[in-house]
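Chemist: Structure incoming, see below.
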Amino acid sequence: MYEIVEKREEVPNIHRLIIREPNVAKKAKPGQFVILMPDEKGERVPMSIVETKKDTFTIFMLELGITTGKIANMHPGEKLYAVAGPLGQPAEIEYYGNVLLGGGCYGIGAIYPLAKALKAKGNRIVTIIEARSKYLIYLEEKLRIVSDEFYIATSDGSRGTNGHVQTVLDRLIKNGHRFDHAKFIGCTYMMMNCSNITAPYRIPTRVALNTIMLDGSGMCGCCRVSVGGKTKFACVDGPEFDGHQVDWAELMKRKAAYQEAEMISYQTSPHICRALIENYFGESDE
Amino acid sequence: MLVIDGKKVPFVEGKTILEIARENNIHIPTLCAHERLPSFGACRLCMIKVHGVPGFMNACTTPAKDGMVITTNNLEIKKLRRAIFELILSEHPSSCMICAQAEHCDKFNSGIMKAGVITGCNTCPNKDMCEVRAIAEELNFKTIRFPIFYKELPIERNDPFFDRDYNLCIHCGRCVRVCQQVEGAHILVFTKRGHDTKIGTSFEKPHIETDCKFCGQCIDVCPTGALSARGQKWYQEPDDRVRTTCMLCNKGCRFEMDVKWGRIVAVRPDPDYKTLKTGICVKGRFCLPTFFNAVDRIRFPRFLQNFKLYPTNWDEIGSHVAELLEAYPPSKIALYLTNFLTDESDYVFRKFAEMMEITNIYTTVEDLTQIPKKGIKVLWTTEGLPGLKNFKTLEHLIFQEVFPSEGYELADVVLPAAAFTEQFGTYYTQRGPMPIQKVVKAPDLALEDWKIVCKIAQELDLSGLNYLDVDEIEQEMGRVNYKQKVRPVDEYYLKYRGTPIAEKVPDFKILLEYRKNRAKPW
Amino acid sequence: MSKKDSPKPKGKPTTSVKKSRPTRPPRVKMNEQPPAIRVKNFEEVPFGLTPEQARLEASRCLQCKRPKCVEGCPVQVQIPDFIALIAEGKFVEAACKIKETNVLPAVCGRVCPQETQCEATCILGRRHEPVAIGYLERFCADFERLGGHVELPKKAKPNGKKVAIVGSGPSGLTVAGDLALLGYQVTIFEAFHKGGGVLVYGIPEFRLPKEIVEKEIHYLERLGVEIKYNHVIGKCKTINELLTRDGFDAVFIGVGAGLPRFMNIPGENLNGVYSANEYLTRSNLMKAYLFPDYNTPVIKGSKVIVVGGGNVAMDCARTALRLGANKVTLVYRRAREQMPARAEEVHHAEEEGIIFKLLANPVEIIGDEQGNVCRVKCQNYTLGEPDASGRRRPIPIENSFFELEADLVIIAIGNNANPLIPQSTKEIKTNKWGNIITDPIGRTSMKRVYAAGDIVTGAATVISAMGGGRLAAKAIHFDLMGVSDPMITTACQLPKEDE
Amino acid sequence: MTDFDTLVQKAKRSWDKLHAQKTPVIYAGAASCGRAAGVLPVIEAIKELKATLPLEIVEVGCIGPCYLEPIIAVQKKGHPTIFYGNVQAIQAAEIVENYLVKNDPQPDKAIGALSSPNGSETTIPSIWDHPMLKAQKRIVLKNCGLIDPQNIEHYLANDGYQALNKVLQMKPETVIQEITDSGLRGRGGAGFPTGLKWKFTRAEKDPEKYVICNADEGDPGAFMNRSLIEGDPHAVLEGLLIAGYAISAVKGYIYCRAEYPLAIQRFRKALKDMRKFGLLGENILGSDFSFEIELKEGAGAFVCGEETALIASIMGERGMPRQKPPYPSQHGVWGKPTVINNVETLGTVPAIIRNGSKWYARFGTEKSKGTKTFSLVGKIRRSGLIEVPLGTTLRTVIYDIGGGIYEDKEFKAIQVGGPSGGTIPAAFMDEPLDYENLNKLGAIMGSGGIVVIDSDTCVVDLARYFLQFTENESCGKCVPCRIGTKQLLNLLTKIVKGEGTIDDFELLEELAHTISEGSLCGLGKTAPNPVITTLTYFRDEYVAHIVDKRCPAKVCKDLFVYVVDAETCIGCEICRKRCPVGAVSGEKKQPHSIDITKCIKCDVCFTNCPAKAIRKVDKVDVIHVSH
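Top to bottom, those sequences are chains A, B, C and D.
For the first sequence, position 96 (counting from the first letter as 1) is numbered 96 according to our numbering, and the numbering increases by one without interruption.
For the second sequence, position 70 (counting from the first letter as 1) is numbered 70 according to our numbering, and the numbering increases by one without interruption.
For the third sequence, position 24 (counting from the first letter as 1) is numbered 24 according to our numbering, and the numbering increases by one without interruption.
For the fourth sequence, position 533 (counting from the first letter as 1) is numbered 533 according to our numbering, and the numbering increases by one without interruption.
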C-alpha cells in the first residue's frame with residue numbers, strides 16, 4: 001500500500017510521483033487532491049491528483065519545505081507513511097465553449113486533468129503556462145495535445161512572453177479573445193492577478209486554492225478561507241472556489257502564518273546526505 | 001603618491017591598486033577578490049583605467065606603482081563593467097533579479113524559501129548575503145539581453161554536511177584558492193574547460209572519498225549560494241553573533257557562532273583570531289549546532305519512583321541528593337569528573353569533595369575499577385560511563401549530564417547540566433586558559449556544573465561554596481593559584497561527555513563509518 | 001548494581017499504616033509533578049499509585065452486596081470484584097476482570113469523570129471520601145501493561161458475519177471489542193493515520209499518553225480486529241459501497257463530532273486564531289510540541305486566550321502553558337458552576353496558573369496588518385433564566401467592553417457533527433445540528449447502519465461514547481443473530497422495537 | 001684545434017663522403033606531412049629495389065610545398081640530384097630505375113634539380129628556381145629538406161653550432177646587443193622584440209633563470225613550427241643554448257605539443273646526440289657555461305600556448321593564464337625570471353649570430369626585420385610552407401608563390417593568424433605582410449597561418465567556426481572569455497540559422513568589444529577578431545544573413561535549398577540513386593525534382609550531377625516564410 005511506483009524530477013523542484021493506492025485511483029475525479037505523509041514525523045501535505053490509472057495515481061509535487069523534501073528524498077519502491085483521499089469536491093466540468101486554463105509551477109501539472117476533462121466535453125481550450133525560466137517548463141507536449149491555443153510565459157523572458165500568466169491573459173483579452181469560463185491553478189499571487197483581470201469582463205473564474213491543510217476531512221478548520229464574506233473550508237467545500245469572491249489578502253496572510261516555523265524546521269532538523277546512504281549502507285537506516 | 005579618481009592616496013610598496021583603493025575607502029565592485037585570499041583576476045569587474053596604459057587593467061592583481069593616475073568609474077568603464085556583469089547573470093538563475101513582479105512576489109510568496117533546487121533569488125538561502133545580488137542592485141540591473149544558459153547541473157547532496165549547487169557558481173575560484181593556498185588540501189579544483197568549466201573535485205569524486213577535512217572554509221568565502229552547509233543556511237540574518245572557545249577538544253579553537261530563535265544555528269572560525277590559519281574541525285563547524293540542539297537534552301532534575309524517572313524542581317532534588325550523601329560515609333562515595341568541565345566547575349567539584357572528605361575522585365574509565373575494590377555505594381558521575389551494571393556494590397547513581405548517555409537508565413537522581421555554549425567560564429587548552437562565553441540560554445532547568453554543586457552544598461549547609469558567578473571563582477582560583485592542566489582530549493576524540501557525537505549527528509556517523517579505516521577520519 | 005530497597009522510602013512518605021479497623025485510612029493522595037515543573041513538560045502529571053498505596057486504598061472498599069457504583073458506570077465495570085482482587089494483591093486478575101466489560105481500562109482510569117459516575121454513587125462516600133476507583137482501575141491497567149502479559153479473553157468462534165466500523169474513537173473501539181469477542185469479523189476504517197479518534201487527537205499527552213492508546217488498539221488487533229488507516233469514509237468509500245460492494249453485514253458510525261464551531265465574529269480568520277480541534281490535533285496527533293523534530297508547526301503564543309469552559313478548553317489552556325505561554329486567560333460566558341469541565345481538570349488548570357475570566361465572551365478579534373491576532377475585544381455577561389438544558393442563559397451587558405492582549409486565541413466552544421457521512425449517504429437522517437438520529441440503542445434511519453457517540457449525542461464524554469457503543473453492539477448482535485445474549489445485557493433490558 | 005673544430009671536420013668529411021659516394025642516395029621528405037601524403041610506402045617500394053640495385057635511403061625533413069608531397073630526390077654520382085614530386089608507391093621504383101639505370105631523368109616528372117659538384121649539366125631547372133621556392137628567402141628553413149634531422153653531423157656540416165661556438169667567446173651582453181640590433185621580433189604572434197625580452201630578464205637579480213621554447217603551436221591548421229622541428233631540430237636547440245647563455249640561465253625547457261609525436265622524437269634524438277657531442281650538460285664545448293634542457297609534452301590545450309598558462313602547465317598545475325604584470329621575465333617558471341621564445345624565433349638566432357645582425361637587418365621592413373615562415377593553405381593552387389622576408393606583399397605570396405586561386409575561382413580574402421587573427425579582403429592584396437600593417441588591418445601576425453578563401457566561403461560561417469574553436473579552448477577562468485564567447489557563438493549560430501534580428505548588429509559589436517577589452521589573456525583578447533574583421537570588411541554579408549535571410553556563398557544550410565534546373569537536367573538519375581534520404585524523384589530521361597522538406601542538404605547531388613543541373617537557391621525566394 002502507498003508504494004511509490006515511479007519517481008522522477010521532471011524539472012528542478014517538480015517531482016512526478018506515481019503512487020499505488022487503489023481507492024484513490026478508482027474514485028478520484030479531476031480537481032480532487034490527496035493528503036500525503038512521508039513518515040510518522042512528517043506533515044500532512046495536500047497534492048492535486050493529475051492522472052489516475054488502474055490502481056495508481058500520478059501527482060506533480062513541488063519540493064518546497066521539509067516534508068516535500070523528505071518525499072523528494074524517497075526512491076521508487078519505498079512506501080509513503082500515509083495516503084488519504086480522494087478529498088475535496090471535484091472541479092466543475094461542463095460545456096462552456098471557450099475555456100481559459102492558467103497554470104503556474106505545480107499548477108502546470110494540476111490543470112492537465114482539467115484540460116483533458118474539459119476537452120472531452122467539447123470545450124475549446126486556451127492554455128497559458130508560466131515558469132520562472134524555460135528550463136522549468138514541463139508537460140508541454142501533453143498540454144499542447146489537449147489545447148487548441150497554447151502560450152508560455154517566463155519571468156526572465158527566456159521563452160515565450162516575458163512575464164506571467166496575467167501578462168499573456170491581459171494581451172489576449174485586449175486583442176479580442178472571448179472566454180466563457182476560466183480556471184487558474186498556481187501560486188496565490190498569480191491566481192489573484194488573473195482573477196482581477198477576468199473580473200471586469202465578468203468571465204466566470206474558478207481557482208484551486210492551495211491553503212495550508214491539516215486533516216483534510218473538515219474537522220479542524222485550518223484551511224478556512226473567506227469566500228463571498230462567508231468562511232468556507234478549502235478541504236471539504238473547495239479546493240475550487242469562485243476567483244472573484246475569494247478574499248485574497250486574508251488568504252495570503254494565512255499562508256504566511258508558519259513562515260518562520262518552516263525556516264526553524266528546515267534549519268534544525270538533522271539533514272542526511274542522500275545518495276551516500278544508498279551507495280554505502282544499503283537502504284537508509286533511518 | 002597615487003591619484004585615484006582625483007583623490008591623492010599614499011603609495012604603499014607591494015600592495016595592489018585594489019588594496020590601496022579599499023584602504024582609502026574608494027569603492028571598486030569585485031566578486032572574486034577576497035581580503036584573506038591571493039588575487040585571481042577572474043570576474044573582471046574591478047577594471048580600471050591607468051592613464052598612459054592602453055586598454056583597461058584589473059585593480060585586484062595589478063601591483064600599484066608610484067605616480068599612477070587611475071580612474072575607476074568613467075562612462076567607458078561603467079559600460080564595460082555592466083556588459084561583463086550581464087554576462088555573469090546570463091549564466092546564473094537570476095530570473096528573480098530581472099522580474100518586474102519581484103517585490104510583490106517576495107511579499108506574498110512566503111513559503112518558497114526552501115526549495116530543493118534554487119531556480120531564482122526567491123528560493124535561495126543566500127538571498128540576503130549574496131554579493132552577486134548586491135552588485136545587481138548597485139548597477140541597477142533590470143534586463144538581460146542574452147538568453148539565460150542554466151547549466152542544469154545536478155545538485156551534489158551526496159556528501160555529509162555540504163549542499164553544492166554548481167548552477168549558482170560564478171567560477172570566482174575563491175573556494176579553490178582557500179582550499180589550496182590557505183587550507184593546503186587541494187580538494188576543490190577547476191575541471192573541464194570552455195563554457196563547461198566547473199569547480200569540483202578531481203574526477204567528480206564526492207568529498208567524503210577525497211581527503212577533504214570538512215573544514216567548511218570554502219563555504220565561508222563563497223559569494224553566492226553555491227556552497228552551503230546543509231543545516232546552517234536557512235536562518236538569513238542571525239539575532240546574535242557570539243564568540244567563544246571550543247571545548248570539544250583541548251586545541252582551543254576560537255568560534256564565532258550565529259544565534260537565531262534562541263538556538264545556535266551556525267559556527268565559523270573567529271575572523272579576528274589570526275593565529276588560527278587553517279579552519280576549525282568538522283566537529284566544531286558542522287556537528288555542534290545539530291548536537292546541542294538535539295531533542296533529547298536532559299531538561300529537568302528527575303528522581304526515580306515506580307520504575308520511572310519523574311521530573312521535579314531543584315529544591316526537591318537538592319534535598320534528595322543531600323539525603324543520599326549523608327546516608328553514606330565519605331569513603332563509600334565516589335565522584336567521576338569528566339574532562340569536559342570548565343576550570344571553574346572542576347575547581348568547585350574538587351573543593352566540595354575536599355569539604356566532604358570524599359577522596360575517591362575518578363577521571364578515567366580505568367579508575368572505575370576501584371569501585372568494587374573500595375565497595376563504593378554512591379557514584380556521582382558527570383559523564384555517561386560504560387558497564388556500570390556490573391559494579392555490584394554500587395547502590396545509588398547520581399547522573400549529572402547533558403544527554404541521557406550510557407548509564408542513565410540506572411540513575412536514581414538525574415541532574416541536568418548545561419553545555420559549554422550555555423555558560424561562562426575558562427578552559428585550559430593547548431593555547432593556555434581560554435575564555436568560554438555564554439552563547440544561548442540552557443534548556444529549561446539545566447544549570448552550570450558548579451552551580452549544581454553549590455545547590456547541593458547549600459542543602460548540606462556547607463559554607464564557602466555559594467558563589468554568585470564565575471568571576472568570583474576565578475579570583476579564588478587565582479588567590480589559591482590553583483594549577484589547571486590541559487585535559488587529555490585530542491581533536492579526534494569522538495564524544496562530548498558521555499555521548500558519542502555521531503549518535504546525534506547522522507551525517508557525522510556516516511563520515512566516521514565511511515572513513516573508519518583511515519588513521520584520521522578528517 | 002542491585003536495586004534493593006533503600007533504607008529510606010522514596011518520594012513523599014505516606015502516612016504510616018495502622019492496622020486497626022475502626023479508623024478508616026483517608027483516601028489516597030496520588031503524587032504528581034509540582035505545578036511549576038509540569039507546565040514545562042508534556043509528561044503525565046500524576047505518578048500513579050505504588051503497589052502498597054493500591055492495596056491500602058483497595059482495603060477501604062466495603063465490598064457492598066448491592067454495589068451502587070456498578071450502576072454509576074456506563075459500561076458496568078464489576079468494581080467490587082476487581083477491588084477485592086487488588087486487595088489480595090492479584091493485580092493481573094483484577095485487570096482481566098475489568099477488561100471483561102471495559103475494553104479501555106487504562107484510558108478510563110485517566111479520563112473518566114469518576115467523581116460524577118462510579119465514585120459519586122459509592123456508599124462509603126456518603127460519610128467518608130469515596131473509594132478512589134479511578135486510581136485503582138488505572139493502577140491495574142498500568143501494572144498489567146507494564147508487566148507485559150495481557151491475557152486474551154476467550155473468543156467465540158467466527159460467526160461468518162462482517163461488520164464495518166467507521167471511526168476508531170472510544171465508541172468505535174468499544175463496538176469493535178465487543179463484536180470481536182462475539183465472533184464477528186470486524187474492520188475499522190479510520191480517517192487519520194493513527195487510531196483512537198479523540199483519544200489520540202483530542203486528549204493531550206500529559207493527560208493520556210499516546211503510548212497507552214496504541215497499546216490498547218494493539219490489544220484489539222490481537223483480538224482479530226483489522227484497522228485500515230487513512231480511509232475517509234464518504235470520500236474514498238461510501239456507506240452504501242461498504243454494505244453492497246464490500247459485503248459488510250452491518251456498519252457502525254462512530255465518527256465523533258468533527259466540525260469545529262466558530263463564533264462568527266469579525267477577525268476570526270486571522271493568523272493565531274485556532275479552533276480547539278486544530279490546536280489539539282497539531283499538538284497531540286502531529287506532536288507539534290516536539291517541533292522541529294516533528295515537522296508540523298504550531299503557533300506558540302505568549303499571551304493566550306482560550307474561549308470556552310469544557311474539558312477541551314482546559315486541555316487547550318494547559319497545552320498552551322506547556323508550549324511556553326507566559327499568560328493564559330480562559331474566557332467563559334457563564335459562571336464557574338456551569339463549567340462542563342471536570343472539577344479535577346479545573347483544579348489542575350488553576351493550580352498551573354491559568355487565569356479564569358468568567359462571565360465574559362469575545363465579540364471581536366483585532367489583528368495587525370500582517371494578519372496576526374494582537375487584541376481581543378470582549379463583553380461582560382450576567383446570568384439570566386435557566387434555558388432548556390437547565391443551565392442559566394448568559395445575557396450580554398450593554399457596552400461593558402474590555403480588551404485583552406493576545407497573540408493566540410483558541411476557540412473551544414464545542415463541535416458540531418461531522419457533515420461528511422450524512423452528505424455522502426442521503427438515507428441517514430440527521431437533526432438540525434447534523435447529529436444522526438438513532439433509537440435508544442443506536443439504530444439509524446438506514447437499514448443495517450448503527451451509530452453512537454458524539455455523532456449522535458453531540459460533544460460528550462469518552463465514557464458516554466463507550467456506553468453508547470456498548471448498546472449499539474448489542475443492537476447489531478440482536479439484529480444480525482436475533483439473539484439478545486443475556487451475558488451482555490444483564491444490566492439493561494432491550495427496549496421493544498419502537499422505531 | 002679545439003675539440004669543436006675536430007667535430008666539425010669529422011662531420012664535414014662524412015657529409016662530403018655522402019654526396020660524393022658511388023652508391024646512389026635517395027633523399028625522401030619524411031616529415032609528418034610527407035608521411036601523411038604516403039611517403040612511407042614509397043620508401044618501402046624503393047627498399048625492395050635494393051635487392052637488385054645498390055642504393056641508400058636517407059630520410060630528410062620537408063622542403064615546403066605540401067601540394068607536391070610526397071617528394072623524393074635521387075642522387076647519382078656524377079649527375080645532378082633530381083627532385084621528383086607526387087611520387088606514388090607504384091611508380092617510385094620505376095622513376096629511380098629509369099634515372100639510375102637508364103639514365104633517363106624523366107624531366108616531365110621532375111620538379112627540379114640540384115647540380116652536384118663535378119656532375120654533368122641537365123636541362124631540368126634548378127630546384128631553387130621552382131616558382132614556389134624562387135621568391136622565398138630561406139634562412140631558418142635553410143637545412144629543411146636537405147639534411148637528415150636525426151643526424152647531428154649533417155647539421156654540424158652545414159655551419160651547425162658555429163654560432164654557439166662564437167657566442168661562447170662573446171660576453172652575454174654583446175650577444176643580447178647583437179640580437180637587439182638585428183631587429184628580431186617574437187615569431188609566436190605578439191612580435192615583442194626578442195632582444196628587449198632577453199635584456200629585461202638578464203637584468204633581474206635572481207641568479208636562477210630559465211629559458212623556455214614555446215613549441216605548443218595550437219592554431220588549427222598551422223604547421224610552421226612542426227616542419228622546422230622535424231626538419232632541423234638542432235637549429236632550434238642551438239638557438240635555445242644561445243638564449244640560455246645570453247641571460248645566463250641554468251636550465252631550458254621545451255614545451256612541445258603532445259599532438260606532434262614525430263617532432264618530440266626528433267627533439268629527443270637531437271638532445272641525446274648533443275649530450276654525446278658535449279654540446280649539453282656541464283661545461284659545454286669546454287667552456288664554463290653549463291646548461292640542461294628538459295622536454296615537456298603539452299596536454300592538448302590551445303590556451304597553454306599563452307606564456308603564463310604554459311608556465312603553469314610546466315609546473316604541473318592547470319593551464320590557466322595569470323594576469324600580467326608581473327611578466328614572466330620577473331616572475332616566470334618556479335617563480336624565477338624566465339624568457340619564453342617561439343620555435344621559429346630561436347631557430348633564427350643561430351643565423352643572426354653567424355652572419356651578424358646587420359646582415360639580418362637588411363631583410364624585412366623598417367620596423368619588422370628579417371624573414372617569417374607562413375603556412376599557405378586553403379583555396380590556393382600551390383599550398384605549403386614558405387619563408388619570405390617581412391614586407392612581401394600579399395599579391396606575391398598568393399600569385400607568385402601560391403600560384404593563384406584553386407580552380408581560378410574569385411579570390412575573396414585571407415584569414416591570417418589563426419583563430420586569434422582576422423580576415424583581410426582581397427582589396428588589400430598589395431599591402432605588405434608585417435606586424436604593424438596586419439595590426440592596422442585588424443588581424444594579427446600570429447604564428448603566420450594564411451588561409452586563402454574564395455567566393456564559395458561564407459565569412460559569417462568562417463567567423464562562427466573560429467569562434468567555436470576559441471569558445472571550446474577557453475580555459476574558463478575569466479568571465480568575458482568563458483561566457484562572452486559562448487554568447488557570441490550563440491548569436492552567430494542564430495544569424496547563420498536565419499534567426500538574426502536587427503539589434504543583433506549592435507549586440508555583436510558591443511559583445512566583441514567587451515570580450516576583447518575585458519579578457520585576462522591573449523586568447524580572450526583576440527577571440528573576437530574574426531568577428532570584428534568580418535563585420536568591418538564584409539558587413540554586406542551580415543546584412544544579407546540578418547535582414548534578407550540569404551547566404552551569398554550558399555554555405556549556411558538553413559538559408560538555401562537545392563533545386564533542379566529542368567532545362568539542363570538530362571534525367572540521368574545519378575542524383576536520385578545517390579540521395580541518402582530519397583528526396584529526389586523523377587523518371588528516367590525526364591527532369592528530376594527535389595523535395596525540400598526531406599532534403600538534408602548533404603550536397604551529394606550537387607557535386608555528382610554531370611550536367612551541373614542542380615542550383616542552390618535562397619530559401620526566401622522559394623518559400624514565403626514569415627519571420
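Glycine included, C-beta positions come from ideal geometry on N, C-alpha and C.
#1: Among residues of its own chain, excluding the 5 on either side of Lys10(C), which ones have a beta-carbon nearer than 6 Å to its beta-carbon?
#2: Nearest chain G C-beta to Asp247(A) closer than 8 Å, yes or no?
#3: Can you have a look at Trp501(C) and say buried or exposed, based on whether 16 or more other CB atoms are within 10 angstroms of its CB?
#4: Are the C-beta atoms of His75(A) and some chain B residue less than 8 Å apart?
#5: So, for Cys212(B): in the same chain, excluding its five sequence neighbours on each side, which residues have a beta-carbon less than 7 Å away from its beta-carbon?
#6: Less than 7 Å separating the Cβ of Gln9(D) from some heavy atom of the ligand FAD?
#7: Smallest Cα separation from Gln400(B): which of Phe340(B), Arg241(B), Leu45(B)?
#8: Distance check for Lys483(B) and Glu474(B), CA to CA, integer angstroms please.
#9: If the cut is a Cβ gap below 9 Å, which residues of chain C does Ser226(A) touch?
#10: Please name the residues in the region 299 to 313 of chain B whose beta-carbon is closer than 9 Å to at least one beta-carbon of chain C, in chain order.
#11: Rounded to whole angstroms, how far is the Cβ of Val328(C) from the Cβ of Ala320(C), which I believe are closer than 8 Å?
#12: Taking DSSP as the reference, what is the three-state secondary structure of Ser345(B)?
#13: Determine the chain B residues that contact Met274(D) at a beta-carbon separation under 9 Å, and present them in chain order.
#14: Give the straight-line distance between the Cα atoms of Pro266(C) and Asn416(C), rounded to the nearest whole angstrom.
#15: Taking the alpha helix (DSSP H) that Ile86(C) falls in, what are its first and last residues?
#16: Does the CB of Asp239(B) have a neighbour CB from chain C at under 8 Å?
#17: Sort out for me which residues DSSP pairs Glu387(D) with in a bridge.
#18: Identify the contact partners of Ala82(A) in chain C, using a Cβ-Cβ distance below 8 Å as the criterion.
Modeler: Based on what the coordinates show:
#1: Here residue 10(C) corresponds to residue number 10 of the third sequence, with the count starting at 1. Confidence at Lys10(C) is low in this model, with a pLDDT of 46, below 50, so the placement of that residue is unreliable and no value is reported for it.
#2: Absent here is chain G; the protein component of the structure consists of chains A, B, C and D.
#3: Lying before the first or after the last residue shown, residue 501(C) is absent from chain C, which here runs from 1 to 499.
#4: Here residue 75(A) is taken as the residue at index 75 of the first sequence, counted from 1. No, His75(A) lies away from the interface with chain B (no Cβ there is under 8 Å from its Cβ).
#5: Locating residue 212(B) in the second sequence gives position 212, where the first residue counts as 1. These residues qualify, in order along the chain: Ala185, Ile187.
#6: In the structure shown, the ligand FAD is absent, as is every other ligand, since no ligand is present at all.
#7: As a working mapping, residue 400(B) is identified with position 400 in the second sequence. For Gln400(B), the nearest C-alpha among the options comes from Phe340(B).
#8: Position 474 of the second sequence, counted from the first residue, corresponds to residue 474(B). Position 483 of the second sequence, counted from the first residue, corresponds to residue 483(B). If you take the alpha carbons of Glu474(B) and Lys483(B), they lie about 12 Å apart.
#9: Counted from its first residue, the first sequence places residue 226(A) at position 226. Residues of chain C passing the Cβ test: Asn269.
#10: Arg299, Phe300, Pro301, Phe303, Leu304, Gln305, Asn306, Phe307, Lys308, Tyr310, Pro311, Thr312, Asn313
#11: Taking the third sequence and counting its residues from 1, one reaches residue 328(C) at position 328. Taking the third sequence and counting its residues from 1, one reaches residue 320(C) at position 320. Contact holds; Cβ gap of about 5 Å.
#12: Taking the second sequence and counting its residues from 1, the one referred to as residue 345(B) is at position 345. Of the three classes helix, strand and coil, the one that applies to Ser345(B) here is helix, per DSSP.
#13: Position 274 of the fourth sequence, counted from the start, is the residue given in the question as residue 274(D). Per Cβ cutoff of 9 Å: no residues; Met274(D) is ~36 Å from chain B at best.
#14: In the third sequence, the residue the question calls residue 266(C) occupies position 266. In the third sequence, the residue the question calls residue 416(C) occupies position 416. Looking at the two C-alpha atoms, the distance is approximately 21 Å.
#15: Numbered from its first residue, the third sequence carries residue 86(C) at position 86. That run of the alpha helix (DSSP H) goes 79 to 87.
#16: By one-based count along the second sequence, residue 239(B) stands at place 239. No - not a single Cβ of chain C is within 8 Å of the one on Asp239(B).
#17: By 1-based counting over the fourth sequence, the position of residue 387(D) is 387. Paired residue(s): Thr373(D).
#18: Position 82 of the first sequence, counted from the first residue, corresponds to residue 82(A). Neighbours of Ala82(A) on chain C, chain order: His193, Tyr229, Asn230.
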